[in-house]
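Which chain is which? The protein sequence lines are A and B, in order.
In this text, residue positions in the first sequence follow numbering that gives the first Met the number 0: the first is 0, and each later residue adds one.
In this text, residue positions in the second sequence follow numbering that gives the first Met the number 0: the first is 0, and each later residue adds one.
Just so it is clear, CB atoms sit at the ideal spot from N, CA and C, and this is done for glycine as well.
To start, the structure under review is shown below, and the notes come after it.
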Amino acid sequence: MNYDRPDLLDRLAAEYVFGTLTGGARRRFERLRRAMPAAEEAVRAWEARLMPLAEAVPPVAPQADVWTAIDRRTGGGRAAVASGGGLWTWLRPALGLAFGVLATLGVVRLYPTAFVPVDQIVQERGALPASYVGLLTDKDGVPTVLASSTRHGTRMTVKILRPIEVSPGKVLQMWALPREGAPFPLGTIPSRDKGEFTMSDTSEKLLSNVPRLAVSIEDGPAAAGTTPSPFILTGHCVKLW
Amino acid sequence: MPPVAELQDLLSRTALGDRTAFRRLYDATAPSLLGVALRILNRRDRAEDVLQEAFVNVWHSAGKYVATASQPMTWLTAIVRNKALDTLRGEARHVAYSLDDEAGEAARDIADERPNPLGLLEQAVDSLQIRDCLAVIQGSQRQCLALAYYHGMSHSECAAHLGAPIGSVKVWIRRGLDKLKRCLDGRR
């Protein structure tokens, strides 16, 4: 067969994608598309052309054991059983810079409880949720605020690692410091224990180009476009995935 | 269905071994893909096996996905359709060899509960706004296109199903594909 004829190649690609090229002819064409870029291109064009026909088919939810089998066959089960001492080894590549910073500062030893929720999540889901995490330190480098928000969520959760002094009537304002441009306000945080606030958009939208977070003391919650007072806390903001 | 860019992002993360992205890709696309496989195979267990094979394949070959060549859903649908067609035809051969034994009887006894695929084709034709353009392809010709694409019927199966000569079926499919191409490309 003369495969150099574009019309013939296109017709074969059409019947291949449509499904009516069968048996030996189908196998030969599969070999041809691997060897010949023009055949591969013709196949891609037909796949794109006929895709709207597939879109008319109503979706059917697979049973849960389909994913279980896929997960097992792609090595996913191993991560789920890691725990205790093994957890640290497994977490290290995922946490990357975040853990580098934390380990250097000894915060894991000083504040073990800060990691309990993460540990639980790992135990339950077999994976850390994709999140943005910030560790803010004071001017002496003492870790003071741990902030985290899931990648596609709008809630920022903060844990105050040591109480922050703030005069009555003032607020602690958290800022995002983008790679380029002016700092913008994210929300206000408490001076002790834990807290959370809702951001104006998802973390992914707001923080994907934000390498650092900071906290300042303000008279009230800062509006967008305002200039922050001097920062009392700053730290890296990293992607946890 | 999530936007194309999000699926592309999930695929590229999957290629880097990101299991969370892989799971999200599965959650976002598996129902549509299972729907396609189930039309072809008419058996849920077989269709779910194909889905499983396809995703194991995706985990290992996500790095081969080229964003400029295909949209993610097109790429995934092609993987699933090809596996489903191979499975269907592997089974067809098996049934043909064992028509006289119990396995063959059992296979033939499974009722075809799939709705007429012509309805799906009509729906696609309407959503693509190519009804007028495709008006020359009618009756058995149209039925034949729907059976071949949605149920994975071969030329000879279409011919047997519609009681038409195989030569006619081949001409119908070829003419139908030519016409589809002109109608679809004319929309761009």
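Would you please state the rounded distance, in angstroms, between the beta carbons of residue i and residue j? I believe it to be under 8 Å.
{"i": "Met155 (chain A)", "j": "Glu203 (chain A)", "result": "Contact doesn't hold; Cβ gap of about 13 Å is too wide."}
{"i": "Cys143 (chain B)", "j": "Trp171 (chain B)", "result": "5 Å"}
{"i": "Arg88 (chain B)", "j": "Thr21 (chain A)", "result": "7 Å"}
{"i": "Val168 (chain B)", "j": "His154 (chain B)", "result": "5 Å"}
{"i": "Asp137 (chain A)", "j": "Leu232 (chain A)", "result": "6 Å"}
{"i": "Val214 (chain A)", "j": "Ile188 (chain A)", "result": "7 Å"}
{"i": "Ala145 (chain B)", "j": "Leu120 (chain B)", "result": "4 Å"}
{"i": "Ala147 (chain B)", "j": "Gly18 (chain A)", "result": "6 Å"}
{"i": "Val65 (chain A)", "j": "Gln51 (chain B)", "result": "6 Å"}
{"i": "Thr76 (chain B)", "j": "Leu32 (chain B)", "result": "7 Å"}
{"i": "Pro61 (chain A)", "j": "Pro1 (chain B)", "result": "Contact doesn't hold; Cβ gap of about 17 Å is too wide."}
{"i": "Leu183 (chain B)", "j": "Leu127 (chain B)", "result": "7 Å"}
{"i": "Leu171 (chain A)", "j": "Ser190 (chain A)", "result": "6 Å"}
{"i": "Leu134 (chain A)", "j": "Gly234 (chain A)", "result": "5 Å"}
Going by C-alpha to C-alpha distance, which of the options sits closest to residue i?
{"i": "Ala12 (chain A)", "options": "B:Arg186, B:Gly185, B:Lys180", "result": "B:Lys180"}
{"i": "Val16 (chain A)", "options": "A:Glu46, A:Val132, A:Pro36, A:Pro5", "result": "A:Glu46"}
{"i": "Leu185 (chain A)", "options": "A:Lys158, A:His235, A:Arg161, A:Leu206", "result": "A:Leu206"}
{"i": "Phe230 (chain A)", "options": "A:Lys193, A:Phe183, A:Arg191", "result": "A:Phe183"}
{"i": "Arg22 (chain B)", "options": "A:Glu29, A:Thr226, A:Gly180, A:Thr67", "result": "A:Thr67"}
{"i": "Val181 (chain A)", "options": "A:Thr143, A:Ala223, A:Gly219, A:Thr197", "result": "Strictly speaking, residue 181 (chain A) in this sequence is Ala, with Val absent from that position. Comparing Cα positions, the closest option is A:Ala223."}
{"i": "Gln70 (chain B)", "options": "A:Thr225, A:Met50, A:Pro57, A:Ala60", "result": "A:Met50"}
{"i": "Ala14 (chain B)", "options": "B:Asn81, B:Asp177, B:Val55", "result": "B:Val55"}
{"i": "Leu127 (chain A)", "options": "A:Pro227, A:Ser148, A:Lys169, A:Leu31", "result": "A:Ser148"}
{"i": "Ile39 (chain B)", "options": "B:Thr73, B:Ser60, B:Glu112", "result": "B:Glu112"}
{"i": "Val237 (chain A)", "options": "A:Pro162, A:Ala175, A:Arg27, A:Gly168", "result": "A:Ala175"}
{"i": "Val57 (chain B)", "options": "A:Ala53, A:Pro58, A:Arg72", "result": "A:Arg72"}
{"i": "Ala55 (chain A)", "options": "B:Arg42, B:Ala83, B:Trp74, B:Asp125", "result": "B:Asp125"}
{"i": "Asn41 (chain B)", "options": "B:Leu84, B:Gly162, B:Gln137, B:Ala134", "result": "B:Leu84"}
{"i": "Thr201 (chain A)", "options": "A:Arg26, A:Arg33, A:His151, A:Arg25", "result": "A:His151"}
{"i": "Ile78 (chain B)", "options": "B:Asp44, B:Val35, B:Ala123", "result": "B:Val35"}
{"i": "Ala129 (chain A)", "options": "B:Thr67, B:Pro114, B:Thr19", "result": "B:Thr19"}
{"i": "Pro5 (chain A)", "options": "A:Gly234, A:Ala38, A:Arg26, A:Ile69", "result": "A:Ala38"}
{"i": "Gly168 (chain A)", "options": "A:Glu217, A:Arg30, A:Val157, A:Leu212", "result": "A:Glu217"}
{"i": "Lys158 (chain A)", "options": "A:Arg32, A:Val165, A:Pro142, A:Arg10", "result": "A:Pro142"}
Since residue i is in the alpha helix (DSSP H), which residue starts that stretch and which ends it?
{"i": "Cys182 (chain B)", "result": "165 to 186"}
{"i": "Thr213 (chain A)", "result": "At residue 213 (chain A) the sequence reads Ala, which differs from the Thr that was named. No alpha helix (DSSP H) holds Ala213 (chain A); the beta strand (DSSP E) holding it covers 211 to 217."}
{"i": "His150 (chain B)", "result": "138 to 150"}
{"i": "Lys169 (chain A)", "result": "Where Lys169 (chain A) is concerned, there is no enclosing alpha helix (DSSP H), given that its DSSP letter is neither H nor E."}
{"i": "Ala63 (chain A)", "result": "63 to 72"}
{"i": "Met50 (chain A)", "result": "36 to 54"}
{"i": "Tyr25 (chain B)", "result": "18 to 40"}
{"i": "Thr19 (chain A)", "result": "From DSSP, Thr19 (chain A) is part of no alpha helix (DSSP H); its letter is neither H nor E."}
{"i": "Val124 (chain B)", "result": "116 to 126"}
{"i": "Glu203 (chain A)", "result": "202 to 206"}
{"i": "His154 (chain B)", "result": "154 to 161"}
{"i": "Arg12 (chain B)", "result": "3 to 14"}
Using a cut-off of 7 Å between C-beta atoms, extract the partners of residue i located in chain A.
{"i": "Trp58 (chain B)", "result": "Thr73"}
{"i": "Ser153 (chain B)", "result": "Thr19, Thr21"}
{"i": "Lys82 (chain B)", "result": "Chain A residues near Lys82 (chain B): none, gap ~12 Å exceeds 7 Å."}
{"i": "Leu37 (chain B)", "result": "Val59"}
Who are residue i's beta bridge partners in DSSP?
{"i": "Gly194 (chain A)", "result": "A:Val157"}
{"i": "Pro184 (chain A)", "result": "A:Trp174"}
{"i": "Cys236 (chain A)", "result": "A:Gly133"}
{"i": "Leu145 (chain A)", "result": "A:Leu134, A:Lys158"}
{"i": "Phe230 (chain A)", "result": "A:Ser215"}
Could you tell me the boundaries of the beta strand (DSSP E) in which residue i lies?
{"i": "Val49 (chain B)", "result": "Here Val49 (chain B) belongs to no beta strand (DSSP E); instead the alpha helix (DSSP H) covers 43 to 60."}
At 8 Å on the CB atoms, spell out the chain B contacts of residue i, in chain order.
{"i": "Pro61 (chain A)", "result": "Ala29, Pro30, Leu33, Glu47, Leu50"}
{"i": "Leu185 (chain A)", "result": "Under the 8 Å cutoff, chain B gives no residues; its nearest Cβ is about 24 Å from Leu185 (chain A)."}
{"i": "Ala68 (chain A)", "result": "Gln51"}
Taking Cβ-Cβ distances shorter than 8 Å, what residues in chain A pair up with residue i?
{"i": "Asp17 (chain B)", "result": "Trp240"}
{"i": "Leu119 (chain B)", "result": "Leu52, Ala55, Val56"}
{"i": "Ile248 (chain B)", "result": "Absent from the model: residue 248 (chain B). The displayed extent of chain B is 0 to 187, so no value can be given."}
{"i": "Gln122 (chain B)", "result": "Ala55"}
{"i": "Tyr64 (chain B)", "result": "Here the premise fails: no neighbours, minimum Cβ distance about 12 Å."}
Taking 7 Å as the cut-off, does the CB of residue i come closer than this to any heavy atom belonging to the ligand MG?
{"i": "Gly152 (chain A)", "result": "What this structure holds is no ligand at all, so the ligand MG is not there to describe."}
Can you pull the chain B residues whose beta carbon is under 7 Å from the beta carbon of residue i, in chain order?
{"i": "Val65 (chain A)", "result": "Glu47, Leu50, Gln51"}
{"i": "Glu46 (chain A)", "result": "Ser69, Thr73, Ala77"}
{"i": "Ala129 (chain A)", "result": "Thr19"}
{"i": "Arg43 (chain A)", "result": "Ala68, Ser69"}
How would you list, in chain order, the residues of chain A whose beta-carbon sits under 9 Å from the beta-carbon of residue i?
{"i": "Ser126 (chain B)", "result": "Pro51, Glu54, Ala55"}
{"i": "Val55 (chain B)", "result": "Ala68, Ile69, Arg72, Thr73"}
{"i": "Ala159 (chain B)", "result": "The contacting residues do not exist; Ala159 (chain B) stays about 14 Å from chain A at best."}
Starting from residue i, find everything on chain B with Cβ-Cβ shorter than 9 Å and list it in chain order.
{"i": "Arg4 (chain A)", "result": "Near Arg4 (chain A) there are no residues of chain B at all, since even the closest Cβ is about 15 Å away, more than 9 Å."}
{"i": "Arg10 (chain A)", "result": "Arg173, Leu176, Asp177"}
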